[in-house]
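Residue numbers (the working numbering): 1043 to 1506. Structure, as structure tokens:
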């Protein structure tokens, strides 16, 4: 059994139960009175628990309660007690999250968070549920409230099907219930499954809103085509930037390079794993603008076709792409070398080059230093784990690490700014899925704890 890296989880949340049925369809948890189902995860929980500095092992007999929820697999939440080594503390109350994904490469994930102590009384399951139910319900932008399962005679859920039919019209899908019913039925099944996941995500207490996006009828494998399967294959070395001169404490409260003219319009990569190329051109566009005062919309297709270090629609890496741009001698514009969303024969014309770069650098993983560098030098190319972006509708995402492994980067994007909203710091990220996704093509994500690995692969070109 393969395990991903185990890490601390700071957030704590419990989804509500109702006497009348499930809230959020299959995404609602169920209480399990017996702990036997959880015993096979004992060693995994103990390994995760050690990251919280606890020596006493997990003991199933000390479980306060446990829940199970369908979100990208089976998510178990286990609330239990651990004896304290400190004389002033009798027990710590811990929450373990175990995600079981039998169909994925990494089948089991675990994270543990423990309170300082339980001297104020152990919270029972009833108290935990009551506390969560008192929180206001969240909107997904299209008035989807509490939905119960009501199957019609034809097998369609009567509450979900109207959303599916409206989705088909809104996103101009070519299948229909009457025209090609087999495809319609297949896509409906995918839509219904994704709808349930989307509902569950909105109940998790994230500051983002998840809703019906353009990917709602995409299976997981179809969605992955928008990512970069070879994204982490670095073939060249890249020098580290000198961050020592940056004034981390003196940076502006907010920065948005869109407002300063350094960012082109949101583009759409289509079903081609070329996100790395869009991340690269976005960075070069900004760097050229800052040095020469001219904003060109540059050609991603040139990189897809002519970058011999990367794999075109099958993935790539900005650090490789920078070296290829240097070797090629420059980049053409989008209009001179238009995007095709497919691997084509290289047909570069050096006479049409509008920009060139002189070098490239790897940036710090410290987000304070990244903010200072961005404020001074412009947009930054990064890699990110995009697992939680499929149904993103808006707001500030702060995904649980258990759903967004920071060591599994699979998508290239561009940081164009940062800010704070109601006390929550965030990054502004330009995506390449068109303006009809997210916040007009942009993604806001929590700034400060390396969410989804956004700080693990920050790079930039250098333009003289």
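Positions of the beta carbon are idealized from the N, C-alpha and C atoms, including for glycine.
**Message:** Which runs of the beta strand (DSSP E) at least 3 residues long sit entirely within the region 1447-1483? Give them in chain order.
**Reply:** Taking only runs of at least 3 residues, the beta strand (DSSP E) segments lying wholly in the region 1447-1483 are 1453-1463 and 1466-1472.
**Message:** With a threshold of 7 Å on Cβ separation, who are the neighbours of residue 1221 within its own chain once the five nearest residues in sequence on each side are excluded?
**Reply:** Cβ within range, chain order: n/a, list empty.
**Message:** I'd like to check one pair, residue 1229 with residue 1248: are the Cβ atoms closer than 8 Å?
**Reply:** Not closer than 8 Å, so no.
**Prompt:** Is there contact here, the region 1348-1357 with the region 1307-1324, by at least three beta-carbon pairs under 8 Å?
**Reply:** Counting Cβ pairs under 8 Å, three or more are found: they touch.
**Asked** Which one of 1124, 1152 and 1362 has the shortest CA to CA distance from residue 1281?
**Response** Nearest option by C-alpha distance: 1362.
**Request:** Could you give the DSSP three-state label for residue 1124: helix, strand or coil?
**Result:** The DSSP-derived three-state label of residue 1124 is strand.
**Distance, residue 1489 Cα to residue 1430 Cα** = Distance from the CA atom of residue 1430 to the CA atom of residue 1489, rounded to whole angstroms, is 16 Å.
**Asked** Among residues of its own chain, excluding the 5 on either side of residue 1385, which ones have a beta-carbon nearer than 6 Å to its beta-carbon?
**Response** Around residue 1385: 1354 and 1355.
**Asked** Who are the Cβ neighbours of residue 1290 in its own chain at under 7 Å, not counting the five residues just before and after it?
**Response** Apart from the 5 residues on each side of it in sequence, residue 1290 sits with its Cβ closer than 7 Å to the Cβ of 1410, 1411 and 1414 in its chain, given in chain order.
**Message:** Nearest by alpha-carbon distance to residue 1383: which of 1392, 1342, 1393 and 1436 is it?
**Reply:** The residue with the shortest Cα to Cα distance from residue 1383 is 1342.
**Request:** Quick one: grab the DSSP three-state call for residue 1293.
**Result:** Three-state DSSP puts residue 1293 in coil, outside helix and strand.
**Request:** Out of 1496, 1452 and 1463, state which residue places its alpha-carbon closest to the alpha-carbon of residue 1266.
**Result:** Closest by C-alpha distance to residue 1266, out of 1496, 1452 and 1463, is 1452.
**Message:** Can you give me the C-alpha to C-alpha distance between residue 1073 and residue 1084, rounded to a whole angstrom?
**Reply:** With a pLDDT of only 46 at residue 1073, under 50, the local geometry of the prediction cannot be trusted, and no value is derived from it.
**Prompt:** Rounded to a whole number of angstroms, what is the C-alpha to C-alpha distance between residue 1153 and residue 1303?
**Reply:** The straight-line gap from Cα to Cα measures roughly 42 Å.
**Message:** So, at 7 Å on beta carbons, what are the nonlocal neighbours of residue 1497 in its own chain, with the 5 sequence-adjacent residues on each side left out?
**Reply:** Once the five neighbours on either side are set aside, the close Cβ partners of residue 1497 are 1407, 1409 and 1412.
**Asked** In three-state terms, what does DSSP make of residue 1315?
**Response** It is a strand residue.
**Prompt:** Is the Cβ-Cβ distance between residue 1253 and residue 1433 less than 8 Å?
**Reply:** Cβ distance < 8 Å, so residue 1253 and residue 1433 count as in contact.
**Asked** In the DSSP assignment, what residue or residues form a beta bridge with residue 1281?
**Response** Bridge partners of residue 1281 according to DSSP: 1403.
**Request:** Return the Cβ separation of residue 1399 and residue 1374 in integer angstroms, given the expectation that the two are a contact with Cβ distance under 8 Å.
**Result:** With a Cβ gap of about 14 Å, residue 1399 and residue 1374 do not count as contacting.
**Prompt:** Per DSSP, which one or two residues make a beta bridge with residue 1356?
**Reply:** Among the bridge pairs identified by DSSP, residue 1356 is matched with 1315.
**Item:** Nearest residue (CA-CA) to residue 1506, options 1474, 1134 and 1402
**Value:** Its Cα nearest to that of residue 1506, the residue 1402 stands out among 1474, 1134 and 1402.
**Message:** Please determine whether the Cβ atom of residue 1392 lies at a distance below 7 Å from any heavy atom of the ligand SAM.
**Reply:** The model on display carries no ligand, and the ligand SAM is accordingly not part of it.
**Message:** Once the 5 residues before and after residue 1392 are set aside, which same chain residues still bring their CB inside 6 Å of it?
**Reply:** Residues 1371 of the same chain have their beta carbon placed closer than 6 Å to that of residue 1392, with the five preceding and five following residues left out of the count.
**Message:** Give me the DSSP bridge partner(s) of residue 1108.
**Reply:** The partner list for residue 1108 (beta bridge, DSSP) reads 1120.
**residue 1419 versus residue 1240 - alpha carbon distance** = Each residue's Cα considered, the two are about 37 Å apart.
**Prompt:** Secondary structure at residue 1155, three-state DSSP: helix, strand or coil?
**Reply:** For residue 1155, the secondary structure class from DSSP, reduced to helix, strand or coil, is strand.
**Asked** What do you get for residue 1423, buried or exposed, if any count of 16 or more other CB atoms within 10 angstroms of its CB means buried?
**Response** Buried.
**Request:** Tell me whether the beta-carbon of residue 1476 lies closer than 8 Å to the beta-carbon of residue 1232.
**Result:** Their beta carbons are not under 8 Å apart, which means residue 1476 does not touch residue 1232 by this criterion.
**4-residue-minimum alpha helix (DSSP H) runs that sit fully inside the region 1340-1391, ordered along the chain** = Runs found: 1342-1348 and 1360-1370.
**Request:** Note the first and the last residue of the continuous beta strand (DSSP E) segment covering residue 1439.
**Result:** DSSP places residue 1439 inside the beta strand (DSSP E), whose first and last residues are 1434-1439.
**Proximity winner among 1326, 1331 and 1340, relative to residue 1364 (alpha-carbon distances)** = Residue 1326 is the option with its Cα nearest to residue 1364.
**Asked** So, are the CB atoms of residue 1213 and residue 1219 less than 8 Å apart?
**Response** In this structure, residue 1213 lies away from residue 1219, with their beta-carbon atoms at least 8 Å apart.
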